[in-house]
Amino acid sequence: MGGLVIVLSVVVALAGLILVRRLVPLEHFKSQNEVTGTIHHAIAIVFGVAAAFSIILAWEQLGTAREITAREAGDVEALYRLASQLPASSKNQLQQQAQSYAEAVVDEEWPLLARGQASANAQNAADKLRESINQFEPRTMAEQELYARMLTKVDDLEENRGLRLLASQEGVPPLIWAAMVILGIITVAFTYLFGVDAPRLHMARIGLLTVVVALSLYTIYTVEYPFARGVQVGPDAFERVLDRTGG
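Residues 2 to 248, numbered by this note's numbering, are exactly what the sequence shown covers, in order.
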């Protein structure tokens, strides 16, 4: 897909150059090369800054989503381990519910994240997990401390779950996307205004510039949503938890 986008962009850019050359004589541009070069340089810098900012923003969002997912999976495993210290009846129930939550996230919720949606079953499993912890009645100081730790962990779990769902809906702001696309088109199209005697060399330069612009935009498109498209966060952290807990 990326290669096709870049090839099509180059074809459109070169077609635009051919059209301009047929409509406007080459001599008309030669006297303005110096001014055209100065303006084009400024436009290219603005596009480069905007593209670099967007790539950094998207990459940071990807890293944050990966970190949130790891913390959430760690909360599930921590609850499973803490439950092992409870009496048998409470232990089995809480451990089973922790596994059920992880399974629902992996099997049902992860495919939905690509569309920014959540799984009702995963949410229900999280609610049941909190309900079971709230219903536990500690009888000793050790159980009281354990109960407090489980409450903290389930709070962390719900917080990280909310952050993960929010991250699945966050991409590069539409205003920045519009600015980058417009700047990219202007950056390439402005090169049509150079008066160059060697047409093949001119086409080669425009082709290379178009590759850079299209590749930059496609890179941002690929990584802007952490749970969708090309580069994305997978459910590996939850799968490892299920492996370690026998789920």
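Every residue gets a Cβ at the ideal spot worked out from N, C-alpha and C, and that includes glycine.
Residues of its chain near residue i, where Cβ-Cβ distance is below 6 angstroms and the 5 sequence neighbours each way are ignored
| i | result |
| --- | --- |
| Asn122 | Ala105 and Glu109 |
| Gly1 | What the structure shows of the chain is the stretch from 2 to 248, and residue 1 is not part of that stretch, so it cannot be assessed. |
| Arg67 | Val234 |
Residue i versus residue j - alpha carbon distance
| i | j | result |
| --- | --- | --- |
| Ala52 | Tyr148 | 49 angstroms |
| Val12 | Ile183 | 18 angstroms |
| Pro236 | Thr220 | 22 angstroms |
| Ala190 | Gly247 | 59 angstroms |
| Met21 | Pro175 | Residue identity differs from the one stated: residue 21 is Val in this sequence, not Met. Straight-line Cα distance between these residues: approximately 31 angstroms. |
| Ala71 | Thr192 | 47 angstroms |
| Gln124 | Arg165 | 13 angstroms |
| His42 | Thr188 | 9 angstroms |
| Pro88 | Arg140 | 11 angstroms |
| Gly3 | Glu240 | 30 angstroms |
| Ile46 | Gly38 | 12 angstroms |
| Val173 | Ala119 | 21 angstroms |
| Ser85 | Gly185 | 58 angstroms |
| Ala103 | Arg150 | 20 angstroms |
| Val107 | Leu95 | 19 angstroms |
| Ala229 | Lys31 | 47 angstroms |
| Ser91 | Glu138 | 10 angstroms |
| Asn93 | Gln100 | 11 angstroms |
| Asp198 | Tyr226 | 44 angstroms |
| Asp157 | Ile69 | 10 angstroms |
| Gln33 | Ile40 | 11 angstroms |
Close Cβ partners of residue i (< 7 angstroms) along its chain, the five nearest in sequence each way excluded
| i | result |
| --- | --- |
| Val155 | Leu80, Leu130, Arg131 and Ile134 |
| Leu152 | Ile134 |
| Ser10 | Thr211 and Ala215 |
| Leu15 | Met204, Ile207 and Gly208 |
Extent of the continuous alpha helix (DSSP H) run through residue i
| i | result |
| --- | --- |
| Tyr226 | Careful: Tyr226 lies outside any alpha helix (DSSP H) and carries neither H nor E. |
| Met151 | Met142 to Ala168 |
| Val13 | Gly3 to Leu24 |
| Gly49 | Asn34 to Ala84 |
| Val189 | Pro175 to Ala190 |
| Asp128 | Ala121 to Gln136 |
| Asp237 | Asp237 to Thr246 |
| Tyr102 | Ala89 to Ala105 |
| Phe30 | Glu28 to Lys31 |
| Leu114 | Trp111 to Leu114 |
8 angstroms CB neighbourhood of residue i in its chain, flanking five on each side removed
| i | result |
| --- | --- |
| Arg245 | Glu78 |
| Gln98 | Ala126, Lys129, Leu130 and Ser133 |
| Arg116 | Ala229 |
Closer than 8 angstroms is the cut-off here; do at least three beta carbon pairs connect the stretch 65-81 with the stretch 150-165? yes
How about the stretch 136-147 and the stretch 52-62: do they share at least three Cβ pairs that are nearer than 8 angstroms? no
Taking 8 angstroms as the cut-off, does the stretch 35-52 touch the stretch 173-182 (at least 3 CB pairs, one atom from each stretch)? yes
Given 8 angstroms, three or more beta-carbon pairs between the stretch 80-96 and the stretch 212-219: no
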